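Numbering (the UniProt record's numbering), first residue to last: 1 to 120.
Note that CB positions come from ideal geometry on N, CA and C, so glycine has one too.
The structure displayed is predicted, hence computed values, not measured ones.
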Amino acid sequence: MPESLLPLDRLMATLRTRAAERPEGSYTTKLMNGGAEAIGRKIREEAEELIEAADEPDEAGRQHAIYEAGDLIYHAMVLMAWRGIELDEVAAELARREGTSGLVEKASRPAKKDSDAADS
């Protein structure tokens with residue numbers, strides 16, 4: 001694993017431990033106890049904040065976007081740990097898609113329910 005990705009690996013190990021032990025007083029435990037709904041709410045919030053930060057000008061806006069991307073990735077990883085998904089599984093999925101047009105990949109997915117179709 002590249003050294004630059006080691007913090008993600010260490011974070012995932014911590015999140016796996018939190019998912020298994022659920023220590024009191026932990027923010028991660030609070031999120032995991034709320035399940036997909038609570039974690040998902042935070043992911044949506046952090047995604048919006050990242051989008052807003054990305055639109056800010058200059059280096060300060062860039063740095064803010066980096067900060068918010070960290071928050072978004074952290075919360076996505078909380079959901080992954082809650083669901084028992086490992087980073088290497090996501091990496092394998094991305095590797096599977098490598099070299100495939102995003103439009104082609106999306107077209108190969110099963111059709112969504114009607115209520116979800118408007119979000120595509």
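Cβ distance (whole Å) where residue i is taken to contact residue j below 8 Å
{"i": "L11", "j": "M77", "result": "6 Å"}
{"i": "A53", "j": "H64", "result": "4 Å"}
Between the CA atoms of residue j and residue i - distance to the nearest angstrom
{"i": "P2", "j": "A91", "result": "13 Å"}
{"i": "I51", "j": "E37", "result": "21 Å"}
{"i": "E68", "j": "P110", "result": "31 Å"}
{"i": "N33", "j": "D9", "result": "22 Å"}
{"i": "E49", "j": "G35", "result": "22 Å"}
{"i": "D55", "j": "R96", "result": "31 Å"}
{"i": "R83", "j": "G25", "result": "21 Å"}
{"i": "D58", "j": "H75", "result": "26 Å"}
{"i": "E45", "j": "G99", "result": "31 Å"}
{"i": "K112", "j": "S101", "result": "20 Å"}
Distance CB(residue i)-CB(residue j) smaller than 9 Å
{"i": "R41", "j": "A81", "result": "no"}
{"i": "I39", "j": "L79", "result": "yes"}
Collapsed DSSP secondary structure at residue i in the structure displayed
{"i": "I85", "result": "coil"}
{"i": "G70", "result": "helix"}
{"i": "T100", "result": "coil"}
{"i": "R62", "result": "helix"}
{"i": "K106", "result": "helix"}
{"i": "K113", "result": "coil"}
{"i": "S4", "result": "helix"}
{"i": "D55", "result": "coil"}
{"i": "E24", "result": "coil"}
Status (buried if at least 16 other CB within 10 Å, exposed otherwise) for residue i
{"i": "E89", "result": "exposed"}
{"i": "T28", "result": "buried"}
{"i": "A60", "result": "exposed"}
{"i": "I43", "result": "buried"}
{"i": "L94", "result": "exposed"}
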